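Working notes, structure below.
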Amino acid sequence: MALDQQRNWTISMAESLQAVKDKSAAAKAQPPGPSSDFPVRDDDPKSHNYHTIEPAYLPDELVLEILEYVAVVPEAQKSLYTCCLLSRQWHRAALPYLYAYPKIYGKNYDPFYRTMCPSINLRIKESPLAGLVKVLNLGMLVHHSSRSVTARVLRRTEASLEEFVAPQASFAINSYAALSKSHNLRSLDLSLVSEAQPLDMLFKSLRSLHHLERLRFPRSSGFGANAVDPDSIVWPQALKDLHISGGIDANFLYGIVHFPPALERLTIEHCPQAKSHAIRQLLSTLSRAHLPLKALSLSHLPRLGISSLDPVLGLFPNLEELSVSVDYITPAIFNPDFQEWHSHDTPNFTDHKLRMLTFTNSGNPGVDDKFSPIDVLLTLDEGSFPNLRQVKIAKSLGWD
């Protein structure tokens, strides 16, 4: 019996070997097809040595860890799009990351709009991807959209939207209704809007944004004919970063009597109508409010005088970062004896919390020799501002 088993094994192996040889010979003898006369294309799947077996299965938790790493790189959009093409598992996992921060520019805005708004009427057909958008940055659009399209995209993404950057030419009053319903919005940037916006409508839209932490006003020259009563302004309670710019006039600055209680950073720039006494009144009101203000930036205020902002360091002894244009200060900014202090106490710069000081240039002529590095060195040599660690100077001042 054993001999029979050995004989059967030998015959079987010989037959298998002969079958393999015959198959190989037949493949070599087969004439080439008509497509062999043409070069192989790079995008032809047959030109690549793809594996014929299924890829190794990865748990969903591991896939999500990989996507979290991929999503933070600069070229995240291309990488996430490639991940969506791997398999259904990767497609389901990468899709929320792909649409959370879409990179929108002129050429791809129309496909994005059609994806978010498959129909004009929301009740007829809605997009399942609209709820994935968290950051909507339309800052690279100029004339690639219309006001109605921008408002429609905002309405479709209002439930999940956390950050919004308005476009330059296609943001108007019809978008405020959708903004007021974006209850999860944390950052609102209107600095690129070129058209004059009604300030009263803007503040009405902000009343329902309880999670808003960052707000940038539009830099347009005015806010329309409808004036706003400063006493009726209701700031979002969570607002920490405020950028004031545009057509803010003296009446508005004088009328502000309260600020957001959590305000940490304030920037006032590009306000052509703001006068010197109005800015100083605003800063005095802000200093008496005892807010947790840590950073202050003042620049491009053409109606300010050459020494209008000298008292700024004395008004805010707990300020950690200051960026100020040398057009509106003199070396007296470092001298507590020349501070126009509005109380009986003289500011003590030896206990000041300032850590970073930045000098900029707003473009006015004759300010190059107004301020020099010696003024800063003498101040530090006297023991003032012991916490100061960084001093940044604009190249236009010519200090190097």
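Numbering (our numbering) for the sequence shown: 13 to 412. All C-beta atoms, glycine included, are put in the ideal place defined by N, C-alpha and C. Predicted model, so just to flag it, every value in this text is computed and none were measured.
If contact is defined by three or more beta carbon pairs under 8 Å, each pair taking one atom from either stretch, is the region 266-275 in contact with the region 201-221?
no
Let me make sure I understand the geometry here. Which of Ser91, Glu332, Ala83 and Phe346 has the alpha-carbon closest to that of Leu400?
Glu332
From the DSSP output, which residues share a beta bridge with Ile405?
Phe371
Quick one: using the 10 Å Cβ neighbour count with 16 as the cut-off for buried, is Ala171 buried or exposed?
exposed
Taking the beta strand (DSSP E) that Val177 belongs to, which residues open and close that run?
Glu175 to Val177
Whole angstroms is fine: what's the gap from Leu144's alpha carbon to Arg126's?
15 Å
Does the separation of the CB atoms of His289 and Ser257 fall below 8 Å?
no
Between the CA atoms of Ser217 and Ser395 - distance to the nearest angstrom:
Going by the sequence as given, residue 395 is Gly instead of Ser. Rounded to whole angstroms, Gly395 to Ser217 spans 48 Å at the Cα level.
What did DSSP end up calling Thr127 once you bin it into helix, strand or coil?
helix
Contact under 8 Å by Cβ, Phe383 with Val336:
no
Is the Cβ-Cβ distance between Arg228 and Ser203 less than 8 Å?
yes
Candidates Gly118, Val338, Ile185 and Phe176: which alpha carbon is nearest Ser157's?
Gly118
Minimum C-alpha distance to Tyr121 - residue among Lys90, Cys96, Gln402 and Leu153
Leu153
Can you name, in chain order, every residue of its own chain whose Cβ lies under 6 Å from the Cβ of Ile245, other than the five neighbours on each side?
Phe215
What's the C-alpha gap between Pro108 and His312?
41 Å
Given a cut-off of 8 Å, decide if Asn360 and Pro348 are closer than it, judged by their beta-carbon atoms.
yes
Close-in-space but distant-in-sequence residues of the same chain around Leu166 (CB under 8 Å, 5 per side omitted)
Leu148, Leu173, Phe176, Ser187, Ala190, Leu191 and Ser194
Determine the DSSP secondary structure at Asn330, reduced to helix, strand or coil.
coil
Residues sharing a beta bridge with Ser413, DSSP:
Limits of the chain in this structure are 13 at one end and 412 at the other, which puts residue 413 out of reach.
Can you have a look at His255 and say buried or exposed, based on whether 16 or more other CB atoms are within 10 angstroms of its CB?
buried
Member of Pro377, Val379, Gly326 and Val403 whose CA lies at the smallest distance from the CA of Leu389
Val403
Those residues which DSSP pairs with Asn149 across a bridge
Val177
What first and last residue would you give for the alpha helix (DSSP H) that runs through Ala453?
The shown model of the chain, from 13 to 412, leaves out residue 453, and the question about it has no answer.
Determine whether the beta carbon atoms of Leu305 and Leu278 lie at a separation below 8 Å.
yes
Just to confirm my understanding: we take Lys146, look at its own chain, exclude 5 residues before and 5 after, and list those with CB closer than 8 Å. What are they?
Ala112, Tyr113, Ser172, Leu173, Glu174 and Glu175
Is DSSP giving Ser160 helix, strand or coil here?
helix
Closest to Leu409 by CA distance: which of Asp393, Gly151, Ser374 and Pro284 is it?
Ser374
Would Thr169 be called buried (16 or more neighbouring beta carbons within 10 Å of its own) or exposed?
buried
Comparing C-alpha positions only, which one of Arg315, Leu327 and Lys287 sits nearest to Ala9?
Here the chain has residues from 13 to 412 only, and residue 9 is not among them.
Please go through the same chain and pick out, in chain order, the residues whose beta-carbon is closer than 6 Å to the beta-carbon of Asn376, but skip the five residues on each side of it.
Asp339
DSSP three-state label for Glu80, please.
helix
By how many angstroms is the C-alpha of Leu325 removed from the C-alpha of Thr362?
12 Å
If you run the structure through DSSP and keep just helix, strand and coil, what is His255?
strand
Using a 10 Å radius around the Cβ and a threshold of 16 neighbouring Cβ atoms, would you call Leu92 buried or exposed?
buried
Measure from the alpha carbon of Ala286 to the alpha carbon of each residue in Ile268, Leu298 and Phe264, then state which is nearest.
Phe264
Ignore the nearest five residues each way along the sequence and tell me which others in Ala181's own chain have a CB closer than 7 Å to its CB.
Val154, His155 and Ser206
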